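Accompanying notes for the structure given below.
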Amino acid sequence: MKRILLLLVLLLSPFASHAASGPAERIATIVAARDLPQTLKQETIESRFAPVVRMKRRATAPVVLFTDAGAGSSVWVRSATARFGADGQARVRLEFTPSPELTFDGLAAAIEIQRGAATERGVVRRSWDTNDGALRLFTASSRDNGDQVLVLELVKEPAQ
């Protein structure tokens, strides 16, 4: 009996560690990395966020705009935009569909593992300030139909 239990533990342990890494942890690893928002660049935005959402460059002026590729690009991301100004300012906005697996508290906790304690803490708002920008997580109504969404923004301020 002990051998069977040991065999089951060994066989199931890879699945247990993968299950512990839910959507909040996977998302936070990509979008809340310590080098962000400093390293937000037009040249790397598509590949940088590819594990979370597919973004495509759109021809606009005077800013460079990236938006999500559309239906089926992500299970969790409802909409995504990234804007790059000529002055070096950048803003990435990701709207997530909340679910039992992806909640505000869960995503905030996963970001805190990556970034440390939030500089602003509210019931439905967290903010992590950096030397050249900020990372913000809050709840809002979606722009398209008013559904409740989780919004994560990365803001990079222009170089001074």
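Just add 3 to wherever you are in the sequence shown, counting from 1, and you've got the working numbering.
From the three backbone atoms N, C-alpha and C, an ideal C-beta is built for every residue, glycine too.
Predicted model, so just to flag it, every value in this text is computed and none were measured.
Express the C-alpha separation of residue j and residue i in angstroms, rounding to a whole number.
i: Thr84; j: Phe52; result: 11 angstroms
i: Asn134; j: Pro40; result: 9 angstroms
i: Gly25; j: Glu104; result: 7 angstroms
i: Ala121; j: Asp71; result: 27 angstroms
i: Glu49; j: Val56; result: 9 angstroms
i: Arg61; j: Val154; result: 22 angstroms
i: Lys149; j: Thr100; result: Per the sequence shown, the amino acid found at residue 149 is Gly instead of Lys. Rounded to the nearest angstrom, the two C-alpha atoms are 12 angstroms apart.
i: Gln151; j: Ser145; result: 6 angstroms
i: Met58; j: Glu160; result: 21 angstroms
i: Leu110; j: Trp131; result: 13 angstroms
i: Thr63; j: Phe69; result: 9 angstroms
i: Val78; j: Asp147; result: 17 angstroms
i: Ala31; j: Glu123; result: 18 angstroms
i: Ser82; j: Glu98; result: 5 angstroms
Give every residue of the same chain whose Cβ lies closer than 8 angstroms to the Cβ of residue i, excluding the five residues on either side of it in the sequence, and list them in chain order.
i: Glu3; result: Only positions 4 to 163 of the chain appear in this structure, which leaves residue 3 out of reach.
i: Val66; result: Arg86, Phe87, Gly88 and Ala89
i: Arg37; result: Gln117 and Arg118
For residue i, I'd like the list of residues in its chain whose CB is within less than 7 angstroms of its CB, leaving aside the five on either flank, ordered along the chain.
i: Val127; result: Phe107, Phe141 and Thr142
i: Ala162; result: Gly91
i: Pro164; result: In this structure the chain extends from 4 to 163, so residue 164 is not present and cannot be described.
State the start and end residues of the unbroken alpha helix (DSSP H) segment that holds residue i.
i: Val34; result: Pro26 to Val34
i: Leu110; result: Phe107 to Arg118
i: Arg86; result: Not the alpha helix (DSSP H): Arg86 falls in the beta strand (DSSP E), residues Val80 to Phe87.
i: Glu156; result: No alpha helix (DSSP H) holds Glu156; the beta strand (DSSP E) holding it covers Gln151 to Lys159.
State the start and end residues of the unbroken beta strand (DSSP E) segment that holds residue i.
i: Glu49; result: Taken as a continuous stretch (DSSP letters only), Glu49 belongs to no beta strand (DSSP E), being part of the alpha helix (DSSP H) at Ile48 to Arg51.
i: Thr122; result: Looking at the DSSP string, Thr122 is not in any beta strand (DSSP E), and its letter there is neither H nor E.
i: Leu97; result: Ala93 to Phe99
i: Lys44; result: Per DSSP, Lys44 belongs to no beta strand (DSSP E) and is neither H nor E.
i: Arg128; result: Arg128 to Thr133
i: Leu39; result: Per DSSP, Leu39 belongs to no beta strand (DSSP E) and is neither H nor E.
Taking residue i as the reference, give the member of the options with the closest Cα.
i: Val34; options: Arg96, Phe69, Gln45 and Ala64; result: Arg96
i: Arg139; options: Arg124, Glu123 and Glu156; result: Glu156
i: Ser102; options: Ala93, Val80 and Phe69; result: Val80
i: Arg94; options: Ala36, Gln45 and Arg37; result: Gln45
Write down the C-beta distance between residue i and residue j rounded to the nearest angstrom, noting that I regard them as a contact closer than 8 angstroms.
i: Val158; j: Gly136; result: 5 angstroms
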